[in-house]
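K.L.:
Number of protein chains: 10
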Amino acid sequence: MSYTPSALGQVSALPASPAAAVLDFPPNPRPGALYLVRFTCPEFTSLCPVTGQPDFAHLVIDYAPAATIVESKSLKLFLAAFRNHAAFHEDCTVGIGQRLVGEMAPRWLRIGGYWYPRGGIPIDVFWQSGPPPEGLWLPDQGVPGYRGRG
Amino acid sequence: MSYTPSALGQVSALPASPAAAVLDFPPNPRPGALYLVRFTCPEFTSLCPVTGQPDFAHLVIDYAPAATIVESKSLKLFLAAFRNHAAFHEDCTVGIGQRLVGEMAPRWLRIGGYWYPRGGIPIDVFWQSGPPPEGLWLPDQGVPGYRGRG
Amino acid sequence: MSYTPSALGQVSALPASPAAAVLDFPPNPRPGALYLVRFTCPEFTSLCPVTGQPDFAHLVIDYAPAATIVESKSLKLFLAAFRNHAAFHEDCTVGIGQRLVGEMAPRWLRIGGYWYPRGGIPIDVFWQSGPPPEGLWLPDQGVPGYRGRG
Amino acid sequence: MSYTPSALGQVSALPASPAAAVLDFPPNPRPGALYLVRFTCPEFTSLCPVTGQPDFAHLVIDYAPAATIVESKSLKLFLAAFRNHAAFHEDCTVGIGQRLVGEMAPRWLRIGGYWYPRGGIPIDVFWQSGPPPEGLWLPDQGVPGYRGRG
Amino acid sequence: MSYTPSALGQVSALPASPAAAVLDFPPNPRPGALYLVRFTCPEFTSLCPVTGQPDFAHLVIDYAPAATIVESKSLKLFLAAFRNHAAFHEDCTVGIGQRLVGEMAPRWLRIGGYWYPRGGIPIDVFWQSGPPPEGLWLPDQGVPGYRGRG
Amino acid sequence: MSYTPSALGQVSALPASPAAAVLDFPPNPRPGALYLVRFTCPEFTSLCPVTGQPDFAHLVIDYAPAATIVESKSLKLFLAAFRNHAAFHEDCTVGIGQRLVGEMAPRWLRIGGYWYPRGGIPIDVFWQSGPPPEGLWLPDQGVPGYRGRG
Amino acid sequence: MSYTPSALGQVSALPASPAAAVLDFPPNPRPGALYLVRFTCPEFTSLCPVTGQPDFAHLVIDYAPAATIVESKSLKLFLAAFRNHAAFHEDCTVGIGQRLVGEMAPRWLRIGGYWYPRGGIPIDVFWQSGPPPEGLWLPDQGVPGYRGRG
Amino acid sequence: MSYTPSALGQVSALPASPAAAVLDFPPNPRPGALYLVRFTCPEFTSLCPVTGQPDFAHLVIDYAPAATIVESKSLKLFLAAFRNHAAFHEDCTVGIGQRLVGEMAPRWLRIGGYWYPRGGIPIDVFWQSGPPPEGLWLPDQGVPGYRGRG
Amino acid sequence: MSYTPSALGQVSALPASPAAAVLDFPPNPRPGALYLVRFTCPEFTSLCPVTGQPDFAHLVIDYAPAATIVESKSLKLFLAAFRNHAAFHEDCTVGIGQRLVGEMAPRWLRIGGYWYPRGGIPIDVFWQSGPPPEGLWLPDQGVPGYRGRG
Amino acid sequence: MSYTPSALGQVSALPASPAAAVLDFPPNPRPGALYLVRFTCPEFTSLCPVTGQPDFAHLVIDYAPAATIVESKSLKLFLAAFRNHAAFHEDCTVGIGQRLVGEMAPRWLRIGGYWYPRGGIPIDVFWQSGPPPEGLWLPDQGVPGYRGRG
Ligand SMILES: [Ca+2]
Ligand SMILES: [Ca+2]
Ligand SMILES: [Ca+2]
Ligand SMILES: [Ca+2]
Ligand SMILES: [Ca+2]
Ligand SMILES: [Ca+2]
Ligand SMILES: [Ca+2]
Ligand SMILES: [Ca+2]
Ligand SMILES: [Ca+2]
Ligand SMILES: [Ca+2]
Ligand SMILES: [Ca+2]
Ligand SMILES: [Ca+2]
Ligand SMILES: [Ca+2]
Ligand SMILES: [Ca+2]
Ligand SMILES: [Ca+2]
Ligand SMILES: [Ca+2]
């Protein structure tokens, strides 16, 4: 393993903001293969920019690696750094996807943000970096819809 | 059938308020038997007494008939009459149960109110008229809990 | 097998009414054992006594045999005979249970009738012949509640 | 945030009719991105134009924003304004979609209306503004079918 | 509403046969829109042409309206009229679809018939009037497969 | 009905082997229509050719009829005849499909075999006679995956 | 391990009948503890004593060991030996329980037989050797009910 | 309504700590009735006292009111105030229950804390203030267990 | 926190055997309260004592703390230490429960072991240290039964 | 059967490493058919290359055979040999697929690895050997997403 992890195998502090979080990108261990990596992140919280109240979401990130992969503990810390960050649901979700694309330069990436209901109505946000590569196997994310009660 | 239905088999108008609704109580067709009748009412809506906004609930009513049963179309109209009525969740739920007990005088009755979330937190309300009669078969209502997203 | 089946192993006509149906009661093959037999009957239909429209139900019958058991093909024909019979949900459900008890004389019997919604509200009816015998293993019927949509 | 919300962060009254409701359209915070926003609205009710009785539905709205997004609290108030509005299921569902398209001018929009059963038969209505944009990630809505009982 | 309903808003008798049933076709309230209407009909029963025994099915009908829609109460009565009609599963299912197409002349229609098991094996039948129109949003019917027990 | 059934409406013996089983092919009652028939067969068992132990499977067969359909009771007897037949999972599953295609000459056929786990690992086998006909409506079979425990 | 297994760790032939099957009873490895062992056996098949046709069942066996436990491979072979045995559902289910009690002499045992439907109606059979021992932890078997279709 | 809400119907700031949060207790609207109120709170997060990392939980609170009820918006703000509070799972869960009992003095209260997995193992915590009152209807909380994957 | 953790907040090696694993018992943070702690452990594997092949299980442990609680990272390492340990299912499951009781001396403890199928038949093992304390709230573990396929 | 199995029908030892495991490839019993074989492997465990801790996964392998098939007991032993092998999730999953392709030379193969969560975030890995062959029937794997709790 030719990279030095900033977080994995250590005890790590929570970054102060998304901007302060450091993402680690070890070399792709199967660089010749076209494959998909999916992260499921049910522990996401940020703040509402209008009311200051906490928001919660379940996030699912899919990507096809190019030269590197993203190390999951550094990803966890990056996501945890939204804890005191205020932004709209659409902005957070698409922004996480765009930052990962900007730093990792994968072949392709998408993110689904499944937000908890406010006012009885949840919002889901779906973004991808472009059309998926030909030949990539891409199962759907399968997060169940919100159903209210009963 | 020795009673005159006020609603069943006819086209009926929506009552103006819960107080204005008429409940029909035909004779119990199996008066010697101790049995349970369950109504499941997923189409309930009322108003919040503080904000005036609509509230929604899924109601389940269980009762053991004595001399009469409640006719289901008149029950439907009674529940539909909460549409413009403003009251707390606890008040609506327990109040529906108490009115049915007061007019029908069943051996026993309970009501479960499963309210849609507000502020991310749903409220459920459970009331019964007393301990269930000995020997009554009483399955649980089995309404699934609220789970947010993911 | 010391009894002559009226239906099993033969091609049988539909009885004209519940009263015309013949139930077969072969000897209990394990007469010394206290055990439960459950029939699940999702194919039940009768007529509404007020409107003449078809009603549908899912029935579950549980009983503990005494000297005889009820043969399932004759039971099927008995239930199918409600096809042109008009009665309230409460009446049909409790009546089926009472007829089986009257003819078979089991140690104990119960019936759950889970009726399809009318006016947005389904009715379930639960009856048993008395408290269940001590020592009988009696799982709950586990039919899911009605949930509307979503 | 360069727009003045008419509802978010405030206490708001229920609009008297769909026509009286005001929808807010803040600027799209990620205007360069092709993405999907999904609203799930399990708290919808209107009136039957023939009988005057309440109808209930679970709605799911999907759209790809262009210059603006729709603010969710104003959407909630618009939908709540159908409470005293009488129209067929097909008319309500398609009409909500057409109004949103007319005022917001998104790249694309669709609406699924999943109505509670009447007479034992629910109606679902599915409309979209045109073929979805190339490259948009569009998960299916996944609302379960109606199953009656059992 | 420029049509006179034969059934909706009234108390109606059950037609004597499918051929005797009258289907109502009010004008399409959104004639310019390409959209899908789905009816879910879990209350279907007919007779076996060989044995005379009752058969049961869960039907789902999808169509894209042209000039008219089908009124749901008249559809309910048409389907209920199969109660004393004897035909194979394949014949009933495809026949219902063909009659609706013949009388309503929709842009497109399909029907799925999900029949209850006989001899341990259920039959499902799937028919459509032709390839679905381009641009129509057509979710799958999602009826779960039969699983036996366990 | 112009064919003479070998099994339906009669009491039938179990065939001694798959080769000894007779399949009945009545005329297609809707010969002009392109439609799909699905059989779900959760009661399948054969023997392992290496160890002689019983194997179990859940089978789902889909086909588009040409001149004939397969009668379901004769299909049931054919499948039951594998009870004492020894073959690999891949061989049984594809072989059943090939025999049906050979004798019935449908427009198209596929079979999914979902085998119970051995050594902790179940095998599923999926075969079709060729690409499905254009315009055939073909829902997926939707059999859930094996999940071990928990 | 002080016993010689007749089947475990070896390749074994299928016994010719239930009577010919040998059950192994190794010493209870935790003889001082009151605990429950549950076997879930979804691969059970026997023959109908009237028609000779195959029957299928999902069995669940619970017992509290005394001096011995039953070895699972020998249990599997015993159950597989019903493959050519003809008996009623009630007889098979209770009989398996009684044989295990007779040979193993556990503190307590129960068996649930969940049979696949015949004529549209499945039968479940529930038997126990007596009231469960005080202090035994005994979860319910939780096998879902039969639901037909839809 | 004789109390002045501190939060409901207003825009509120997030309290700095659990100790700083103010809970509102309006009068019980049905003081003569023995009933249960359930809050489901899937949006809970706190910090690990050893590592400082965020923890997440799904909480369910059940209580039987005496003189007062707890207002749900003030409850939401109290729970949101754990966002920057560090404590063990056992401590948080039982502590929330004890604070509510101390300030509200209900007839009875219980809390279930269902924590997200750490190290592959989630912890659930269940506490109640004492045995539930006789005659209270108390459904189980029904939160599904953790199952890993597959 | 008055105890020194042997594992939490550190990087730890896998113990060589269950006997070599060290369990940590910090003081109970809510010593006056009678409450339940549940660990769900879906990542368990050991070896078969007869064949040497790997076995897998899903474990659920419930206990009511007395003076101490068990720290979850040390519990994880203890369970992981069964990776190269050979024992029967009954022995492993009851043995884990007995070791925890012996070292922690809780008020009460139970363990459920849900083992993956071998030979088509999974084994579940349920043990508890004695009758649960009066007044303890003890939800059932709710692990679904094994169902084979289909 | 013209091949000599190395494992099936025998008692086999666990290979010391993936490299040491021998995979058996009997001749394809249906060589003219284009079909899919799916293996579901919920019993997979390996070691983390950074921390040395055990990892767990649920694997699903799909392939279309050419001249040979892979024998399932030898596959089981190969997968079990990862028990003491240390590698990243991405590496293990893609590597298993590549080894099977290299030795068996199927027409096509894919593997889905569904890993248990670490740090609250599970990783799924999806790889295929190229675009699936035209005309192959390829159902999706349908493994449910991770949902945290609640
Ligand atoms: Ca809300
Ligand atoms: Ca959640
Ligand atoms: Ca209805
Ligand atoms: Ca139960
Ligand atoms: Ca609903
Ligand atoms: Ca209805
Ligand atoms: Ca899909
Ligand atoms: Ca049904
Ligand atoms: Ca197995
Ligand atoms: Ca699909
Ligand atoms: Ca698992
Ligand atoms: Ca059947
Ligand atoms: Ca974890
Ligand atoms: Ca329960
Ligand atoms: Ca329970
Ligand atoms: Ca099965």
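Chains as they are written, first to last, in the working numbering: chain A, 272 to 421; chain B, 272 to 421; chain C, 272 to 421; chain D, 272 to 421; chain E, 272 to 421; chain F, 272 to 421; chain G, 272 to 421; chain H, 272 to 421; chain I, 272 to 421; chain J, 272 to 421.
Note that CB positions come from ideal geometry on N, CA and C, so glycine has one too.
Here the structure is a predicted model, which is why all the values come from computation and not from measurement.
Put residue 384 of chain G into one of helix, strand or coil per three-state DSSP.
P.N.:
Strand, per DSSP.
K.L.:
List, in order along the chain, the chain D residues whose C-beta lies closer than 7 Å to that of residue 421 of chain G?
P.N.:
Result: 418, 419.
K.L.:
For chain C, find out if any of its Cβ atoms is closer than 7 Å to the Cβ of residue 383 of chain D; answer yes or no.
P.N.:
So, not an interface residue.
K.L.:
Comparing C-alpha positions only, which one of E:319, E:411, E:414, E:289 sits nearest to residue 343 of chain F?
P.N.:
Nearest option by C-alpha distance: E:319.
K.L.:
Are the C-beta of residue 387 of chain B and some C-beta of chain A separated by less than 7 Å?
P.N.:
So, interface residue.
K.L.:
From the DSSP output, which residues share a beta bridge with residue 312 of chain J?
P.N.:
BP columns for residue 312 of chain J point to J:330.
K.L.:
May I ask you to verify whether the region 396-416 of chain I touches the region 399-415 of chain H, counting CB pairs closer than 8 Å and requiring at least 3?
P.N.:
A contact exists between the region 396-416 of chain I and the region 399-415 of chain H.
K.L.:
With a 10 Å radius around its C-beta and 16 neighbouring C-beta atoms as the bar for buried, classify residue 404 of chain H as buried or exposed.
P.N.:
Exposed, because fewer than 16 other Cβ atoms sit within 10 Å of the Cβ of residue 404 of chain H.
K.L.:
For residue 414 of chain D, return the contacting residues in chain C, with the cut-off set at a CB-CB distance below 9 Å.
P.N.:
The answer, in chain order, is 420, 421.
K.L.:
Could you please tell me which residues of the region 305-324 of chain A, in chain order, have their CB closer than 7 Å to any CB of chain J?
P.N.:
Going along the region 305-324 of chain A in chain order, one finds 306, 307, 308, 309, 310, 311, 312, 313, 314 with a Cβ nearer than 7 Å to chain J.
K.L.:
Determine, using beta carbons only, whether residue 382 of chain I and residue 340 of chain I come nearer to each other than 7 Å.
P.N.:
No, the Cβ-Cβ distance between residue 382 of chain I and residue 340 of chain I is not below 7 Å.
K.L.:
Taking DSSP as the reference, what is the three-state secondary structure of residue 293 of chain D?
P.N.:
Coil at residue 293 of chain D, not helix or strand.
K.L.:
Which term fits residue 351 of chain I, buried or exposed, when burial requires 16 or more other beta carbons within 10 angstroms of its beta carbon?
P.N.:
The residue is buried, with at least 16 neighbouring Cβ atoms inside 10 Å.
K.L.:
In angstroms with no decimal places, state the Cα-to-Cα distance between residue 281 of chain B and residue 345 of chain B.
P.N.:
For residue 281 of chain B and residue 345 of chain B, the distance between alpha carbons rounds to 11 Å.
K.L.:
Looking only at C-alpha atoms, which of H:349, H:316, H:300 sits nearest to residue 327 of chain A?
P.N.:
Measuring from the Cα of residue 327 of chain A, the nearest candidate turns out to be H:316.
K.L.:
Between which two residues does the alpha helix (DSSP H) holding residue 367 of chain H run?
P.N.:
Its alpha helix (DSSP H) spans residues 360-375.
K.L.:
For a test of the three-state rule: what should DSSP assign to residue 335 of chain C, helix, strand or coil?
P.N.:
Residue state, collapsed to three classes: strand.
K.L.:
Measuring alpha carbon to alpha carbon, tell me which of C:386, C:370, C:390, C:401 ends up nearest residue 308 of chain B.
P.N.:
Selected option, being the one with the closest Cα: C:386.
K.L.:
Whole angstroms are fine: how far does the CA of residue 300 of chain F sit from the CA of residue 406 of chain J?
P.N.:
When rounded, the distance between both Cα atoms is 29 Å.
K.L.:
Using a Cβ cut-off of 7 Å, which residues of the region 391-414 of chain B contact any Cβ in chain H, in chain order?
P.N.:
Those residues of the region 391-414 of chain B that come within reach of chain H (Cβ to Cβ, closer than 7 Å) are 391, 392, 393, 394, 395, 396, 397, 398, 399, 401, 402, 411, 412.
K.L.:
Starting from residue 365 of chain J, find everything on chain F with Cβ-Cβ shorter than 7 Å and list it in chain order.
P.N.:
Chain F residues near residue 365 of chain J: none, gap ~20 Å exceeds 7 Å.
K.L.:
So does the region 291-306 of chain I actually touch the region 358-366 of chain H, counting three or more Cβ pairs closer than 8 Å?
P.N.:
Touching, yes.
K.L.:
Looking only at DSSP bridge pairs, what is residue 396 of chain C linked to?
P.N.:
Answer is B:308, C:384, bridged to residue 396 of chain C.
K.L.:
Cβ of residue 359 of chain I less than 7 Å from any chain G Cβ?
P.N.:
Chain G contact via Cβ: present.
K.L.:
Verify whether the separation of the beta carbon atoms of residue 292 of chain J and residue 348 of chain J is less than 7 Å.
P.N.:
In this structure, residue 348 of chain J lies closer than 7 Å to residue 292 of chain J by Cβ.
K.L.:
Under 7 Å, Cβ to Cβ, is there at least one residue of chain F near residue 378 of chain J?
P.N.:
Cβ-Cβ to chain F under 7 Å: no for residue 378 of chain J.
K.L.:
Is there a Cβ of chain D sitting closer than 7 Å to that of residue 345 of chain E, yes or no?
P.N.:
Not an interface residue.
K.L.:
Distance, Cα to Cα, residue 393 of chain H vs residue 314 of chain I?
P.N.:
About 12 Å.
K.L.:
On a CA-only basis, which of D:371, D:397, D:373, D:358 is nearest residue 310 of chain E? Give me that one, please.
P.N.:
Nearest of D:371, D:397, D:373, D:358 to residue 310 of chain E, Cα basis: D:397.
K.L.:
How is residue 352 of chain G classed by DSSP in three states: helix, strand or coil?
P.N.:
Three-state DSSP puts residue 352 of chain G in a helix.
K.L.:
Is the CB-CB distance between residue 409 of chain A and residue 334 of chain A below 7 Å?
P.N.:
No. Outside cutoff.
K.L.:
To the nearest angstrom, report how far apart residue 323 of chain I and residue 360 of chain I are at their CA atoms.
P.N.:
The alpha-carbon atoms of residue 323 of chain I and residue 360 of chain I are separated by roughly 13 Å.
K.L.:
Classify residue 345 of chain J as helix, strand or coil using the three-state DSSP reduction.
P.N.:
In the structure shown, residue 345 of chain J sits in a helix (DSSP, three-state: H, G or I).
K.L.:
Contact defined as beta carbons within less than 8 Å: I believe residue 377 of chain H pairs with residue 336 of chain H. What is the distance between those atoms, to the nearest angstrom?
P.N.:
Indeed they touch by this definition, with Cβ atoms about 6 Å apart.
K.L.:
Can you tell me the Cβ-Cβ gap for residue 354 of chain H and residue 325 of chain A, rounded? I've got them flagged as a contact below 8 Å.
P.N.:
Between residue 325 of chain A and residue 354 of chain H the Cβ distance is about 6 Å, and since that is below 8 Å, they are a contact.
K.L.:
Would the beta-carbon of residue 321 of chain I fall within 7 Å of that of residue 279 of chain G?
P.N.:
Yes.
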